[in-house]
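Under the working numbering, the first residue of the sequence shown is numbered -1, with each subsequent residue one higher.
We put the beta carbon where it would ideally sit given N, CA and C, even for glycine.
Input: a single structure, listed below in structure tokens.
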Amino acid sequence: MQNHPFNTTNLNDATVKRFADTYQALKDEFDIQPTGHIDFDLQQFEVFKNCAGVNVLGSFVIKRDCGDSYILFVEVKYKIGSTPQANHQEHQVWGLTYVKHSFGRVLIRRETLTDKLLELVHPLELNFDEDKPFCNTFFVVVNDYVKATGVCTAISATQ
């Protein structure tokens, strides 16, 4: 049995491999270090508010000149319906960074065919003309267009 830098208790082989591959890819690209015990208070984030539980299986910091970012390997338990026995559990990798400016709420996920079709009728996606490959892969929706584009413009001006 191989030692991993994250807790593998109750993880199936496919999840352990996915986590290990993710960790290795990050380690190859960045200087990542374990954080030790940090309470990230994940319940403060909208995406985790209605979860039955969120357990951090491993956390790592990526130190950069522009600030620290964190990679979290988490176990998320979702409550389905009103019975406590009806739960769904997923193992996910999350990136977390604290920003100096408010972007408003931003959702970034892989773009689906449905997203592309809906965009033809109801354009609501935030697109980045200077990065077409990103826009073709990811779906970005914001609740405050002015904040999101203003911060993005400010960041690109400093680079």
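Where does residue i fall in DSSP's three states?
i, result
"N134", "helix"
"Y96", "coil"
"L115", "helix"
"L70", "strand"
"R16", "helix"
"Q41", "helix"
"G79", "coil"
"T147", "helix"
"Q90", "strand"
"T55", "The sequence given here places Leu at residue 55; Thr does not occur at that position. Residue state, collapsed to three classes: strand."
"L122", "coil"
"T156", "Note that T156 has pLDDT 47, beneath the 50 cutoff, so the model's placement of it is unreliable and the number below is only indicative. In the structure shown, T156 sits in coil (DSSP, three-state: anything other than H, G, I, E or B)."
Tell me which same chain residues have a C-beta within less than 8 Å of the C-beta of residue i, skipping the five on either side of it?
i, result
"Q31", "F58, V59 and K61"
"T13", "H89"
"F4", "F17, Y21, L55, G56 and F71"
"R107", "F136 and F137"
Please identify the residue among the options whose C-alpha is closest to the C-alpha of residue i.
i, options, result
"N53", "D66, H35 and S67", "H35"
"A50", "Q22, T6 and S80", "S80"
"Y68", "L122, Y21 and R107", "Y21"
"E128", "F28, T147, Q41 and V97", "T147"
"D37", "N48, L94 and T112", "L94"
Going by beta carbon distance, what residues of the same chain come within less than 7 Å of residue i, once the five residues before and after it are set aside?
i, result
"F126", "F132 and C133"
"A155", "Residue confidence is low: A155 scores 45 on pLDDT, short of 50, so the model does not pin down where it sits. Its coordinate-derived value is still stated next. For A155, where only same-chain residues beyond five positions count, there are no Cβ hits under 7 Å."
"T33", "S57, F58, V59 and Y68"
Kindly list the residues whose CB is nearer than 6 Å to the CB of residue i, restricted to its own chain and excluding five residues on each side of it in sequence; keep chain order.
i, result
"V140", "G102, V104, L124 and A146"
"F28", "I60"
Could you check whether residue j and residue i sit closer than 9 Å to each other, using their CB atoms as the reference points?
i, j, result
"Y76", "H86", "yes"
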